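Enquirer: Below: one structure in structure tokens.
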Amino acid sequence: MVPNSQQTETVHHRVCPLCEACCGLEIKVSDGRVTSIRGHAEDVLSRGYICPKAVALKDLHEDPDRLRTPLIKRNGIFEAATWEAAFAEIERRLPAIRAAHGRDAVAVAVGNPSAHKIGLLTYFGKLARALGTKNVFSASTLDQMPKQLASGWMFGHWLSVALPDITHTNFLLVLGANPVVSNGSMWTVPDFRGKARALQARGGKMVVIDPRRTETAALADAHHFIRPNSDVFLLAAMVQTMFAENLVQLGPVAPWVDGVDAVQAAVGSFTPEVVAPRCGIPAQTIRELTRTLASANRAAVYARIGTCTQEFGTTASWLVDVLNTLTGNLDQQGGVRFAKSAAFATNTTGKPGIGKGVTTGRHHARISSAPEVYGELPMTCLAEEIENQGVGQIRALVTVATNPVLSSPDGPRLSKALESLDFMLSLDIYVNETTRHADVILPGLSPLEELHFDVAFPQLSWRNHARYSAPVFPAPVDHPPEWQTLLKLAAIVQGQGPYQDALVLDDAQFAQDADRLFGAHAPAVIAATQGLHGPQRAIDVALRTGPYGDQFGRKMDGLNLEKVMQASAAGGIDLGELQARIPEMLRTPSGKVELAPPALLQDLQRVTQALQAPAADLVIIGRRDVRTNNSWMHNLPTLAKGPFRCTALVHPTDASRLGLTDGAMAELRNGSRCVQAQVRVSDEMMPGVVSLPHGWGHDLPGARLRVAAERPGANLNALLSDALRDPLSGNAVLGGVPITMRALN
Ligand SMILES: Nc1nc2c(c(=O)[nH]1)N[C@H]1C(S)=C(S)[C@@H](COP(=O)(O)OP(=O)(O)OC[C@H]3O[C@@H](n4cnc5c(=O)[nH]c(N)nc54)[C@H](O)[C@@H]3O)O[C@H]1N2
Ligand SMILES: Nc1nc2c(c(=O)[nH]1)N[C@H]1C(S)=C(S)[C@@H](COP(=O)(O)OP(=O)(O)OC[C@H]3O[C@@H](n4cnc5c(=O)[nH]c(N)nc54)[C@H](O)[C@@H]3O)O[C@H]1N2
Ligand code: SF4
Ligand SMILES: [Mo]
């Protein structure tokens, strides 16, 4: 009998794991196949909004290139292997390197998708702790570490990020972000466009500062070009103007703000006239922008990756929140506020209003002496730590959901370094530009085969909420979820081998964690979560002990896993608008907002020196496209089709000066580094600035990405040097780098 597809159709609700907007999806399945993916109209956070990437989850699930079994490289060729054989190979090779060369000889590198996978996010730390290595690297130092460090110093925790209260703001100033395309970052704000339009409809204004007239700029009431890598000057001048024109008013948070005078003294020399030539923005415009911001009554400044991936990323990120504070918008309705996450947020646990704050430099990179930040060393140090011999040299690497050969500066150098390792293990779903160097690859499941609950993004969301995603499909038999793989790897590293059942390992670890966290109450917590394991148990504990939790039965109407699971068909649980949280959310040792962290005041000297640097004729910046996601979704037919996206955008005056024509190929060069890309001439660029997207370059031998290889594109990171960093956060400099261009015939 042929089943009627109507009868077999099932409907599932899941949070999209592909970007920080975390949209709620409604996925229909018939006869074991996805038949439709749409926005879930009832989702409490996204209300039906999605972008084209969500639909590609079907392609991802069905992609024949996505790995379904472990691979072991033998004589240079990957062979499919059983999980037992793969773990045995790891046990044979990895502990021996540690035993011979010490803990730091094994490094770990974690990438962006791990932020969207609860199994990776909550269990990666167990592997890192078992390894005990100081060589921990992640995509955070290619991205948002400056924002996290600045927020940490000011508010006391790495994820206490001030978010625009877009529902109520009257004036939104956006620097170095293109949320219409990226759908927001360090700010979970699905349907940014709709929210920006609503802001305008109620009479508010949005202004964008960007070297490209972006899709967000096109929507804005005003757009100003800025010379790349000069936001720190603009922001310092705006802060200077706030003081010079007596515009400062701290508002209700005044009793909890320390350091206003120190800031005033430190920015005194950054007048609009001094910085204007460097920024490419007239002094009068800087003054007017500052006055508008100060007088807007409910305004917010939001800045993202364009302002982080700079030489002064941390200082620029700090000045953003200095402006938010001096204009009286910190913690106010329509200003910037802090989310109150239902689970996993450090700024909701422990004693309110005070804490240990954040520290950096507990250890340093061996070669560059770069300080540890948030437990990590800069990703741009990875290659040199592998290449240079000596005690502590990296000889083995575990990559987890990262593709640094394409996503990190000087990919070709890193590629060579990876090839020289004694052993490389990758937890990844593809053989790609990075994992082709691995000796063993252990694949994760398709996102549709896994449960999910966002750990980080509710701490960054425009509205408080709790949502749970059940798996859409059962996992294939014998294919463990990644949290179990991580537990087994930790056991191997600790000399216990891969033989113990992952659930047994998990119970043992949970018992230890419960002892540490709950002391005498540990047995009760273990009893209350009986029957749960892995991330599900972690979610239940985090929800129940969180700010809305049932406190294990003490608050009858409080949240727990079961309640949040039950609400998923109804779009999750809405926990309301962002509320005032100062001083309760502060975790600084002083219990104050630290407006003038000493390291940042000191960094202004470096900023002053850089003000004099001569301007380059041509600098390069990056770009994102709605149908891309960093380096790893170019293999999905739904997204790969259509116009070619890896083009170099050049302003008409630069094009004619350099003899470049629309559609023709050009060479882009930075010293000895060079790539070729197709030119697109466009006045959306600021003169003197070229834009090329990152994440391309799928023409490297040994990768298995058949769709992506058809139109490989150029690797922007083959052009960038890994020597450039923000010294405070260790973040890579990914833009504003001088290049030359010439036409290719
Ligand atoms: N020049 C330049 N470089 C940049 C940027 C830029 O703007 N300009 N942006 C930077 C930013 S913001 C970021 S976040 C980084 C991102 O850089 P990475 O962290 O390297 O992330 P991706 O390039 O997205 O690569 C993701 C990897 O995870 C794998 N993967 C996908 N899903 C899963 C899964 O479920 N499990 C496992 N185990 N693996 C999975 C993919 O196959 C791929 O290998 O790139 C940075 N690089
Ligand atoms: N479609 C899509 N969405 C994504 C991603 C993707 O690859 N594709 N990646 C995701 C990830 S990992 C992240 S971190 C987020 C990032 O999200 P966003 O921060 O919004 O990233 P971009 O779209 O790259 O926007 C950065 C903007 O900064 C500008 N810019 C470059 N240099 C400077 C400068 O010196 N000063 C100023 N003021 N502006 C500058 C660029 O022109 C660009 O418009 O996007 C996420 N969303
Ligand atoms: S904006 Fe697109 S990719 Fe991002 S979460 Fe929403 S649907 Fe997924
Ligand atoms: Mo990112």
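Start counting the sequence shown at -8; every next residue gets the next number (the working numbering).
Here a beta-carbon is modelled for each residue, glycine too, at the ideal position from N, C-alpha and C.
Because the structure is a prediction, the values reported are computed rather than measured.
1. Are the CB atoms of Val698 and Asn621 within a distance shorter than 8 angstroms?
2. So Asp54 and Pro400 are supposed to be a Cβ contact under 8 angstroms. How far apart are they, rounded?
3. Return helix, strand or coil for Tyr365, following the three-state DSSP convention.
4. Taking the continuous beta strand (DSSP E) assigned at Ala90, which residues delimit it?
5. Decide yes or no for the touch test of the segment 257 to 275 against the segment 684 to 702: beta carbon pairs closer than 8 angstroms, at least 3 of them.
6. List the endpoints of the continuous beta strand (DSSP E) containing Asp565.
7. When every heavy atom of ligand 4 is checked, does at least one fall within less than 7 angstroms of the C-beta of Ser663?
8. If we ignore side chains and look at the alpha-carbon of each, how far apart do Ala723 and Thr(-1) end up?
9. What's the gap between the Cα of Gly123 and the Cα of Ala336?
10. Which term fits Asn338, buried or exposed, when burial requires 16 or more other beta carbons within 10 angstroms of its beta carbon?
11. Nearer than 7 angstroms: is that true of the beta carbon of Lys49 relative to any heavy atom of ligand 3?
12. To which residues of the same chain is Ser417 closer than 6 angstroms at the C-beta, ignoring the five residues directly before and after it?
13. Smallest Cα separation from Trp74: which of Glu473, Trp149, Pro243, Ala374?
14. Taking the C-alpha atoms as reference points, what is the distance between Gly93 and Leu48?
15. Which first and last residues belong to the beta strand (DSSP E) in which Glu17 is found?
16. Please tell me whether Glu658 and Met732 are closer than 8 angstroms, where the distance is taken between their beta carbons.
17. Should Tyr114 be counted as a contact of ligand 1 given a C-beta to heavy atom distance under 7 angstroms?
18. Quick check on His214: buried or exposed, where buried means 16 or more other Cβ atoms within 10 Å of its Cβ?
19. Rounded to the nearest angstrom, what separates Ala333 and Pro449 at their Cα positions?
20. Given 7 angstroms as the limit, tell me if His689 has its C-beta closer than that to any heavy atom belonging to ligand 1.
21. For the beta strand (DSSP E) that contains Leu62, what are its first and last residues?
22. Which same chain residues, not among the five before or five after Met(-8), have their C-beta less than 7 angstroms away from its C-beta?
23. Measuring straight from C-alpha to C-alpha, what distance separates Leu284 and Cys372?
24. Using the Cα positions of Thr536 and Leu710, report the straight-line distance between them to the nearest angstrom.
25. On the DSSP letters alone, give me the boundaries of the alpha helix (DSSP H) that Asn737 sits inside.
26. Distance check for Ile377 and Ala481, CA to CA, integer angstroms please.
27. Alpha carbon to alpha carbon, how far is Gln301 from Gly383?
28. Give me the Cα-Cα distance between Asn(-5) and Pro61, rounded to the nearest whole angstrom.
29. The beta strand (DSSP E) that contains Arg744, what's its start and end?
30. Between the C-alpha atoms of Leu268 and Ala668, what's the straight-line distance to the nearest angstrom?
31. Hey, how far is the Cα of Pro362 from the Cα of Arg353?
32. Taking the alpha carbon of Phe464 as the point to measure from, which residue in Glu17, Asp212, Cys10, Gly23 has its own alpha carbon closest?
33. Note the first and the last residue of the continuous alpha helix (DSSP H) segment covering Val468.
34. Going straight from the alpha carbon of Ala153 to that of Asp322, what length do you get?
35. Compute the beta-carbon to beta-carbon distance between Asp212 and Lys196, rounded to the nearest angstrom, for a pair I have assumed lies under 8 angstroms.
36. Please confirm if the segment 200 to 212 is in contact with the segment 676 to 689, defined as three or more CB-CB distances below 8 angstroms between the two stretches.
Expert: With the given structure in hand:
1. For the purposes of this step, residue 621 is taken as the residue at position 630 of the sequence shown. For the purposes of this step, residue 698 is taken as the residue at position 707 of the sequence shown. Their beta carbons are not under 8 angstroms apart, which means Asn621 does not touch Val698 by this criterion.
2. Along the sequence shown, one-based indexing puts residue 54 at 63. Along the sequence shown, one-based indexing puts residue 400 at 409. At roughly 28 angstroms, the Cβ-Cβ gap does not stay under 8 angstroms, so Asp54 and Pro400 are not in contact.
3. Stepping through the sequence shown from its first residue, residue 365 is reached at position 374. In the structure shown, Tyr365 sits in coil (DSSP, three-state: anything other than H, G, I, E or B).
4. Taking the first residue of the sequence shown as 1, we reach residue 90 at position 99. That residue, Ala90, is in no beta strand (DSSP E); its alpha helix (DSSP H) goes 74 to 92.
5. no
6. Locating residue 565 in the sequence shown gives position 574, counting from the first residue. Taken as a continuous stretch (DSSP letters only), the beta strand (DSSP E) holding Asp565 covers 564 to 568.
7. Working through the sequence shown from its first residue, we reach residue 663 at position 672. Result no, Cβ not under 7 angstroms from ligand 4.
8. On the sequence shown, position 732 is the one that residue 723 refers to. On the sequence shown, position 8 is the one that residue -1 refers to. Distance between the alpha carbons of Ala723 and Thr(-1): 50 angstroms.
9. Here residue 123 refers to the residue found at position 132 when the sequence shown is read from its first residue. Here residue 336 refers to the residue found at position 345 when the sequence shown is read from its first residue. Computed Cα separation, rounded: 24 angstroms.
10. For the purposes of this step, residue 338 is taken as the residue at position 347 of the sequence shown. Flag for Asn338 reads buried.
11. By one-based count along the sequence shown, residue 49 stands at place 58. For ligand 3, not one heavy atom lies less than 7 angstroms from the Cβ of Lys49.
12. Sequence index remark: in the sequence shown, residue 417 carries index 426 (1-based). Thr390, Thr426, Ala429, Ile432.
13. Taking the sequence shown and counting its residues from 1, the one referred to as residue 74 is at position 83. Trp74 has its Cα closest to that of Glu473, out of Glu473, Trp149, Pro243, Ala374.
14. For the purposes of this step, residue 93 is taken as residue 102 along the sequence shown, with counting starting at 1. For the purposes of this step, residue 48 is taken as residue 57 along the sequence shown, with counting starting at 1. Each residue's Cα considered, the two are about 41 angstroms apart.
15. On the sequence shown, position 26 is the one that residue 17 refers to. That run of the beta strand (DSSP E) goes 15 to 21.
16. What you label residue 658 is simply residue 667 of the sequence shown in a count that begins at 1. What you label residue 732 is simply residue 741 of the sequence shown in a count that begins at 1. Yes, these two residues count as a Cβ contact at 8 angstroms.
17. Numbered from 1 along the sequence shown, position 123 holds the residue referred to as residue 114. Answer for Tyr114: no, Cβ out of range of ligand 1.
18. One-based indexing of the sequence shown puts residue 214 at position 223. Answer is buried; the Cβ neighbour count reaches 16.
19. Locating residue 333 in the sequence shown gives position 342, counting from the first residue. Locating residue 449 in the sequence shown gives position 458, counting from the first residue. Taking the straight line from one Cα to the other gives about 8 angstroms.
20. Along the sequence shown, read from residue 1 onward, the residue named residue 689 stands at position 698. No, Cβ of His689 sits at least 7 angstroms from all heavy atoms of ligand 1.
21. Within the sequence shown, residue 62 is the residue found at index 71, counting from 1. Note, Leu62: beta strand (DSSP E), 62 to 65.
22. Position 1 of the sequence shown, counted from the start, is the residue given in the question as residue -8. Any reading at Met(-8) is ruled out, since the residue's pLDDT is 40, under 50, leaving its predicted position unreliable.
23. In the sequence shown, counting from the first residue as 1, residue 284 sits at position 293. In the sequence shown, counting from the first residue as 1, residue 372 sits at position 381. If I take the Cα positions, the gap works out to 39 angstroms.
24. Counting from one through the sequence shown, the residue named residue 536 turns up at place 545. Counting from one through the sequence shown, the residue named residue 710 turns up at place 719. Between Thr536 and Leu710, the C-alpha separation is close to 48 angstroms.
25. Because residue 737 is not part of the residues shown, which for the chain are -8 to 736, the question remains open.
26. Taking the first residue of the sequence shown as 1, we reach residue 481 at position 490. Taking the first residue of the sequence shown as 1, we reach residue 377 at position 386. About 22 angstroms.
27. Reading the sequence shown from its first residue, position 310 is the one you call residue 301. Reading the sequence shown from its first residue, position 392 is the one you call residue 383. Those two C-alpha atoms are separated by around 29 angstroms.
28. Translated into the one-based positions of the sequence shown, residue -5 becomes position 4. Translated into the one-based positions of the sequence shown, residue 61 becomes position 70. Because the pLDDT of Asn(-5) is 49, which lies under 50, any placement of that residue in the model is unreliable, and the number read from its coordinates should be weighed accordingly. Looking at the two C-alpha atoms, the distance is approximately 37 angstroms.
29. Only positions -8 to 736 of the chain appear in this structure, which leaves residue 744 out of reach.
30. As a first step, residue 268 must be located in the sequence shown, where it is residue number 277. As a first step, residue 668 must be located in the sequence shown, where it is residue number 677. First, the residue type needs correcting, since residue 268 is Pro and not Leu in the sequence shown. Answer to the nearest angstrom: the Cα atoms are 30 angstroms apart.
31. The residue labelled residue 362 in the question sits at position 371 within the sequence shown. The residue labelled residue 353 in the question sits at position 362 within the sequence shown. So the two alpha carbons sit approximately 7 angstroms from each other.
32. Here residue 464 refers to the residue found at position 473 when the sequence shown is read from its first residue. Minimum Cα distance to Phe464 is reached at Gly23.
33. Within the sequence shown, the letter at position 477 stands for residue 468. Val468 -> no alpha helix (DSSP H), and no H or E assigned at all.
34. Walking along the sequence shown from the start, residue 153 turns up at place 162. Walking along the sequence shown from the start, residue 322 turns up at place 331. Those two C-alpha atoms are separated by around 8 angstroms.
35. The residue given as residue 212 occupies position 221 in the sequence shown. The residue given as residue 196 occupies position 205 in the sequence shown. Rounded, the Cβ-Cβ distance is 4 angstroms, consistent with contact.
36. yes
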